[in-house]
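Asker: First the structure, then my questions, so here it is.
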Amino acid sequence: MSQSYNRGLIEDFGRWKEFSAGMWAWIFHKFTGWMLIGYLFTHIAVLSTAIGAAAGDPAAIQQETDVYTTTIQGLESLFIIRVLEVGLLAVAVFHILNGLRLLMVDLGVGLSAQDKSFYASLVLTGIITIASVPTFMDGVTI
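In case it helps, the working numbering puts the sequence shown at residues 248 to 389.
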């Protein structure tokens, strides 16, 4: 029979320093997955409030006076929305790259280089995100 670990009244939060790269990869992958799910529901909620008018009058859509178009244009003109879009890109890119890394590990490729591949996915995420900032911020007024 195994012995149980007595954690006391308060969990030792200093243990995060002992986490390996694999544990951080797992934590980040779960976090980014939940962030993407949250974004999906927020995206559906925002667009569903405006989509009713877009299905109605084709003339209003061409004149860009419908609720959907004005909602999207209004959101795209906000600086904070552009910053959040850059964050969304970073979350999605990391989640994709880490998912590919996990697929390779599950297939037995690169088992000995899991730490290096995790760090590579972080660096690649940073490079892609930083390189895309000018594109996302183009045309926004602060």
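Beta carbons: idealized from backbone N, C-alpha and C, even for Gly. Only a predicted model underlies this, so the values are computations on that prediction, with no experimental measurement involved.
Excluding the 5 residues preceding and the 5 following residue 327 in the sequence, name in chain order all residues of the same chain whose CB lies nearer than 8 Å to its CB.
Answerer: As a first step, residue 327 is located in the sequence shown; it is residue number 80 there, counting from the start. So no residue of the chain qualifies.
Asker: Ignoring anything shorter than 3 residues or poking outside the region 304-356, list the beta strand (DSSP E) runs there in chain order.
Answerer: You should have found no qualifying run.
Asker: Rounded to the nearest angstrom, what separates residue 346 and residue 290 at their Cα positions?
Answerer: Within the sequence shown, residue 346 is the residue found at index 99, counting from 1. Within the sequence shown, residue 290 is the residue found at index 43, counting from 1. Looking at the two C-alpha atoms, the distance is approximately 23 Å.
Asker: Quick check on residue 388: does DSSP put it in helix, strand or coil?
Answerer: Here residue 388 is taken as the residue at index 141 of the sequence shown, counted from 1. Looking at residue 388 - three-state DSSP - the assignment turns out to be coil, as it is neither helix nor strand.
Asker: Are there three or more Cβ pairs, one per stretch, closer than 8 Å when the region 265-283 is compared with the region 328-340?
Answerer: Taking 8 Å as the limit for Cβ pairs, the verdict is that the region 328-340 does touch the region 265-283.
Asker: By DSSP, does residue 365 sit in helix, in strand, or in coil?
Answerer: The residue you call residue 365 lines up with position 118 of the sequence shown. Correct three-state label for residue 365: helix.
Asker: Taking all protein chains shown into account, decide if residue 262 is buried (16 or more other Cβ within 10 angstroms of its Cβ) or exposed.
Answerer: In the sequence shown, counting from the first residue as 1, residue 262 sits at position 15. Result: exposed.
Asker: Have a look at 320, 274, 371 and 288 and flag the residue whose alpha-carbon is nearest the alpha-carbon of residue 387.
Answerer: Here residue 387 refers to the residue found at position 140 when the sequence shown is read from its first residue. If we check each option's Cα against that of residue 387, 320 comes out closest.
Asker: Pull up the distance between the alpha-carbon of residue 364 and that of residue 385, whole angstroms please.
Answerer: Walking along the sequence shown from the start, residue 364 turns up at place 117. Walking along the sequence shown from the start, residue 385 turns up at place 138. Whole-angstrom Cα-Cα distance: 32 Å.
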